[in-house]
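Oh and the sequence shown: position 13 is 13 in full-length UniProt numbering, straight run, nothing missing.
C-beta atoms are modelled at their ideal positions from N, C-alpha and C, and glycine is treated no differently.
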Amino acid sequence: MDYAENGFRIGDNVAIMIGDTPKFYKIIHRDSIFYVDDHSALAAASTESFSEITNLDPPINQLYQFNRIALVRGNVKVYVKQPAATNRFGTNKSPEGGYLTDEYDEMKLNLFCIEDYPPNVQIVNDTLSSITPRLRWHGYRYQIEKIDVPSGVKSLPAGEVSTPVRIGGISN
Numbered sequence: 001m002d003y004a005e006n007g008f009r010i011g012d013n014v015a016i017m018i019g020d021t022p023k024f025y026k027i028i029h030r031d032s033i034f035y036v037d038d039h040s041a042l043a044a045a046s047t048e049s050f051s052e053i054t055n056l057d058p059p060i061n062q063l064y065q066f067n068r069i070a071l072v073r074g075n076v077k078v079y080v081k082q083p084a085a086t087n088r089f090g091t092n093k094s095p096e097g098g099y100l101t102d103e104y105d106e107m108k109l110n111l112f113c114i115e116d117y118p119p120n121v122q123i124v125n126d127t128l129s130s131i132t133p134r135l136r137w138h139g140y141r142y143q144i145e146k147i148d149v150p151s152g153v154k155s156l157p158a159g160e161v162s163t164p165v166r167i168g169g170i171s172n
């Protein structure tokens, strides 16, 4: 199954990685997310500070997966960090090189959020006029149930399969 496009199925196991230690969960329910994020007007040739999208911070025992971010309104650059200090969509040598614009509208991606790890965005308006940007976040939300494994164990028992889910992308 292509989980990046179609999401996880109920009953799938995931190994959520924050750093190098996985925590194992079973998907017990899923639903779609279609969230519209309206930003304040941004003056010509200005840059908004990075801000956390608190409405995309899942509650305990939920996992959010975004596979599309659409720039509905505004000819702007959108930089994404998650966690707050980690650039997404760039490379190790050029972390600020990765951003979304209306050129890449409906770009496919894979961004996971768990409690206390919502996305942070910065919007840059390089145009000569004021813009009020609007973003649409598409994906899935899952209710998850912890699978207990002994401390220090980095995999499920033989015969059990899990899909790794890295919060914050590749760290180095």
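Starting from the Cα of residue i, find the closest Cα among the options and give me that residue.
{"i": "Lys81", "options": "Ile53, Val72, Leu71 and Thr101", "result": "Ile53"}
{"i": "Thr101", "options": "Tyr79, Asn92 and Arg30", "result": "Tyr79"}
{"i": "Leu42", "options": "Ile131, Glu160 and Trp137", "result": "Ile131"}
{"i": "Glu48", "options": "Asn55, Gln65 and His39", "result": "His39"}
{"i": "Leu63", "options": "Ile18, Val161, Ser46 and Gln122", "result": "Ile18"}
{"i": "Asp31", "options": "Thr163, Arg9, Lys23 and Ala45", "result": "Arg9"}
{"i": "Gln122", "options": "Asp37, Ile28 and Asp20", "result": "Asp37"}
{"i": "Phe66", "options": "Lys108, Glu115 and Gly152", "result": "Lys108"}
{"i": "Glu145", "options": "Asn55, Lys23 and Asn61", "result": "Asn61"}
Is the distance from the Cβ of residue i to the Cβ of residue j below 8 Å?
{"i": "Arg134", "j": "Val76", "result": "no"}
{"i": "Ile147", "j": "Leu156", "result": "yes"}
{"i": "Asn51", "j": "Asn120", "result": "According to the sequence shown, residue 51 is Ser rather than Asn. Against a cut-off of 8 Å, the Cβ pair of Asn120 and Ser51 comes out as a contact."}
{"i": "Ile33", "j": "Gly169", "result": "no"}
{"i": "Gly98", "j": "Asn87", "result": "yes"}
{"i": "Pro83", "j": "Tyr35", "result": "no"}
{"i": "Pro59", "j": "Cys113", "result": "no"}
{"i": "Ile27", "j": "Tyr142", "result": "yes"}
Check the DSSP bridge columns for residue i and list the partner residues they point to.
{"i": "Asn55", "result": "Asn55 is not bridged to any residue."}
{"i": "Arg141", "result": "Asp31 and Tyr64"}
{"i": "Gln122", "result": "Tyr79"}
{"i": "Tyr99", "result": "Answer is none; Tyr99 lacks a bridge partner."}
{"i": "Asp20", "result": "Paired residue(s): none; Asp20 is not in a bridge."}
{"i": "Val14", "result": "Tyr25 and Thr163"}
{"i": "Phe112", "result": "Gln65"}
If we count the other Cβ atoms within 10 Å of its Cβ and call it buried at 16 or more, is residue i buried or exposed?
{"i": "Val165", "result": "buried"}
{"i": "Asp2", "result": "exposed"}
{"i": "Val161", "result": "exposed"}
Exercise. Is the stretch 123-131 touching the stretch 13-22 in the sense that three or more CB pairs, one from each, lie closer than 8 Å?
Worked result: no
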